[in-house]
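> This is the structure I want to talk about, given as structure tokens.
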Amino acid sequence: MKKISTRDRALKIAELAADKKGRDIVLMDMRKQSSICDWFIIVSATSSRGINAISRNIQEVLHKEKVFPYNVEGENNPHWTLLDYEDVIVHVFHEDIREFYGLETLWASSPKENFDERCLTKISHKQ
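The numbering of the sequence shown is this note's numbering, which starts it at 158 and goes up by one.
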């Protein structure tokens with residue numbers, strides 16, 4: 158992948174998740190909240206098969222563009238997979254598990270945007 162901003166990389170990953178029926182995709186700007194990464198992407202899937210399809214699609218497309226994850230956690234976990242692209246971390250959750258962990262609530266002060274194929278919508282939050 159040619160040199161692009163981390164936000165553009167996050168958007169690309171969100172598009173790849175949407176291509177495989179990822180739901181409720183949220184991009185969280187973590188630049189002021191965390192030294193671990195610049196962006197979190199949180200994606201829901203309705204089944205373990207969906208989680209695997211989303212995760213695999215992201216990895217395969219980015220691999221072709223010579224972008225490789227630093228780490229992958231939970232590849233065989235039916236409820237959650239994490240893809241660590243260093244500056245962008247992707248969480249693919251089963252819907253119920255996502256609600257249980259509540260990452261959006263945990264990082265409530267981070268700017269968030271909903272993603273779908275048509276547009277990004279900023280999510281208002283209290284600071």
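Here a beta-carbon is modelled for each residue, glycine too, at the ideal position from N, C-alpha and C.
Bear in mind the structure is a predicted one, so any value in this text is a computation, not a measurement.
Please list the terminal residues of the continuous alpha helix (DSSP H) segment that includes Ala189.
Your numbering for residue 189 matches position 32 in the sequence shown. For the record, residue 189 in the displayed sequence is Lys; it is not Ala. Here Lys189 belongs to no alpha helix (DSSP H), and DSSP marks it neither H nor E.
> Give the range of the alpha helix (DSSP H) segment to which Val229 is assigned.
As a working mapping, residue 229 is identified with position 72 in the sequence shown. First-last for Val229: Asn228 to Glu230, but that is the beta strand (DSSP E), not the alpha helix (DSSP H).
> For Val229, which residues of its own chain have a beta-carbon under 8 Å away from its beta-carbon, when the five flanking residues on both sides are left out?
The residue given as residue 229 occupies position 72 in the sequence shown. The answer, listed in chain order, is Ser212, Gln216, Thr238, Leu239, Leu240 and Asp241.
> Gly207: which of His248, Ala265 and Glu270 sits nearest, CA to CA?
Here residue 207 corresponds to residue number 50 of the sequence shown, with the count starting at 1. Nearest option by C-alpha distance: His248.
> State the Cα-Cα distance for the pair Asp195 and Lys269, rounded to the nearest angstrom.
Taking the sequence shown and counting its residues from 1, the one referred to as residue 195 is at position 38. Taking the sequence shown and counting its residues from 1, the one referred to as residue 269 is at position 112. Distance between the alpha carbons of Asp195 and Lys269: 12 Å.
> If distances are taken between C-alpha atoms only, which option among Pro235, Ser162, Arg180 and Ala174 comes closest to Arg188?
For this step, residue 188 is matched to residue 31 along the sequence shown. For the set Pro235, Ser162, Arg180 and Ala174, the Cα lying nearest the Cα of Arg188 is the one of Ser162.
> Please classify His282 as buried or exposed, where buried requires at least 16 neighbouring CB atoms within 10 angstroms.
Here the question's residue 282 lines up with position 125 in the sequence shown. For His282, the predicted structure reports a pLDDT of 43, less than 50, and the residue's modelled location is therefore unreliable. A value from the coordinates is still provided. Classification of His282: exposed, given that the 10 Å Cβ count is below 16.
> Alpha carbon to alpha carbon, how far is Phe257 from Glu172?
As a working mapping, residue 257 is identified with position 100 in the sequence shown. As a working mapping, residue 172 is identified with position 15 in the sequence shown. Distance between the alpha carbons of Phe257 and Glu172: 25 Å.
> Which same chain residues end up closer than 6 Å to Gly179 when comparing Cβ atoms and leaving out the 5 residues on each side of it in sequence?
Walking along the sequence shown from the start, residue 179 turns up at place 22. Val200 and Ile211.
> Please state if the CB of Val218 and the CB of Ala167 are separated by a distance shorter than 8 Å.
On the sequence shown, residue 167 is found 10 positions in, with the first residue counted as 1. On the sequence shown, residue 218 is found 61 positions in, with the first residue counted as 1. No, Cβ-Cβ distance for Ala167 and Val218 is not below 8 Å.
> Can you tell me whether DSSP reads Ser212 as helix, strand or coil?
Mapped onto the sequence shown, residue 212 falls at position 55. Of the three classes helix, strand and coil, the one that applies to Ser212 here is helix, per DSSP.
> Leaving aside the five residues before and after Asp176 along the sequence, list all residues of the same chain whose C-beta is less than 8 Å from its C-beta, in chain order.
By one-based count along the sequence shown, residue 176 stands at place 19. Cβ within range, chain order: Asn214.
> Could you give the distance in angstroms between the alpha-carbon of Gly231 and the alpha-carbon of Ala265?
Taking the sequence shown and counting its residues from 1, one reaches residue 231 at position 74. Taking the sequence shown and counting its residues from 1, one reaches residue 265 at position 108. Those two C-alpha atoms are separated by around 25 Å.
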